[in-house]
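In this note's numbering, the protein residues as written are 439 to 727. Structure, as structure tokens:
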């Protein structure tokens with residue numbers, strides 16, 4: 439009976455794992471953003487979405503901001519066309535070294551650079567609608583990605599992908615997968631709901647900053663929380679084991695952090711959308727180190 443119970447839990451988790459931040463948390467961040475953008479921004483997004491047939495991706499719908507938030511992951515099924523974009527989803531900086539948004543980003547092929555690049559493309563009203571819509575989808579998706587700690591922090595394990603981690607009694611996952619899927623879903627499900635209009639004071643506390651700042655936050659969370667909690671030691675002091683078990687206590691401590699990252703991603707996405715659709719060109723930004 440115990441085996442059956444464990445199997446039931448595993449099966450119940452599989453959709454969340456398969457979709458991960460590629461679906462549930464990404465679409466929730468888009469819903470938060472949509473609830474917090476200016477009405478004029480919402481109307482401009484709806485107009486731009488009409489250009490989706492011109493993108494030539496019939497297997498990857500793009501009819502809403504929620505669709506846009508998962509569209510870049512859907513493209514993974516067409517490597518021959520979109521493979522050059524796959525390195526844009528992350529920027530795994532070693533947690534044993536100082537963070538720098540310029541490392542591991544040759545030619546701008548990393549998540550922090552692509553957030554900024556695609557916002558600038560989206561804001562350029564001289565470009566065709568299909569070009570701007572593609573940039574919209576990349577920007578909102580990458581804002582979600584950069585807020586997941588293990589898309590930035592790394593211990594020579596591909597952001598936790600190479601570390602086997604049991605999710606409580608559920609075996610056979612990996613650390614990245616746990617944070618991407620079941621932990622994120624648990625953190626933003628139930629009450630109080632995360633999708634709502636946030637007050638100015640809440641937005642001031644949760645939002646703000648630029649992409650390089652958000653990457654640094656994620657890297658620091660990986661260094662100071664995710665790896666130490668998962669393995670019970672300072673990850674900078676030496677090698678880590680290849681396997682671990684995330685206890686209920688660890689999961690309970692992790693949930694508020696995962697929830698906050700989703701909220702931050704949604705509210706910062708709203709800010710970037712409002713900036714991009716505001717009249718006039720974007721101000722020039724110095725890239726942080």
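By construction, the Cβ of each residue, glycine as well, lies at the ideal position given by its N, Cα and C atoms.
Which of the three DSSP states, helix, strand or coil, is assigned to residue 567?
-> helix
Alpha-carbon spacing of residue 721 relative to residue 513, whole angstroms = 31 Å
Straight-line CA distance for residue 723 to residue 553?
-> 12 Å
Rounded Cβ spacing between residue 466 and residue 626 (contact assumed at less than 8 Å) = 5 Å
Uninterrupted alpha helix (DSSP H) stretches inside the stretch 462-487 (no shorter than 4 residues) | 462-474, 477-486
Going by CA-CA distance only, name the one from 656, 704, 668 that's closest to residue 688.
-> 668
With a Cβ-Cβ cutoff of 8 Å, do residue 711 and residue 571 count as a contact?
-> no
Identify, in the order they occur along the chain, each residue of the same chain with its Cβ nearer than 6 Å to the Cβ of residue 671, setting aside the five sequence neighbours on each side.
-> none
Does DSSP classify residue 450 as helix, strand or coil?
-> Its pLDDT being 45, under 50, residue 450 is placed unreliably by the model, and nothing is read from it.
Below 7 Å CB to CB, which residues in the same chain sit around residue 460 once its five sequence neighbours on both sides are set aside?
-> Unreliable placement is indicated for residue 460, whose pLDDT of 47 sits below 50; the coordinate value is still reported in the next sentence. Counting only Cβ-Cβ distances below 7 Å, and skipping sequence neighbours, we find 508, 511.
Give me whichever residues DSSP pairs with residue 604 in a beta bridge.
-> 683
Consult DSSP for residue 532 and reduce its assignment to one of helix, strand or coil.
-> strand
Decide if residue 443 is buried, meaning its Cβ has at least 16 other Cβ atoms within 10 Å, or exposed.
-> Confidence at residue 443 is low in this model, with a pLDDT of 42, below 50, so the placement of that residue is unreliable and no value is reported for it.
Buried/exposed call for residue 518, threshold 16 Cβ in 10 Å = exposed
State the DSSP-derived secondary structure class of residue 611, mapped to helix, strand or coil.
-> strand
Hey, would you say residue 586 sits closer than 8 Å to residue 699, going by beta carbons?
-> yes
Mapping DSSP to helix, strand and coil, what is residue 592?
-> strand
Tell me whether residue 723 sits in a helix, a strand or coil according to DSSP, three-state version.
-> coil
Would a C-beta distance cut-off of 8 Å place residue 550 and residue 529 closer than the cut-off?
-> yes
Can we say the stretch 629-639 touches the stretch 583-600, given the rule of at least three CB pairs closer than 8 Å?
-> no
Compute the beta-carbon to beta-carbon distance between residue 614 and residue 591, rounded to the nearest angstrom, for a pair I have assumed lies under 8 Å.
-> Not confirmed; about 10 Å, so no contact.
What are the boundary residues of the alpha helix (DSSP H) that includes residue 499?
-> It is not in any alpha helix (DSSP H) - residue 499 carries neither H nor E in the DSSP assignment.
Express the C-alpha separation of residue 696 and residue 477 in angstroms, rounding to a whole number.
-> 28 Å
Ends of the alpha helix (DSSP H) at residue 663?
-> Premise fails: residue 663 is in no alpha helix (DSSP H) and is neither H nor E.
Enumerate in chain order the residues of its own chain whose CB-to-CB distance from residue 616 is below 7 Å, with the five nearest sequence positions on each side excluded.
-> 603, 605, 684
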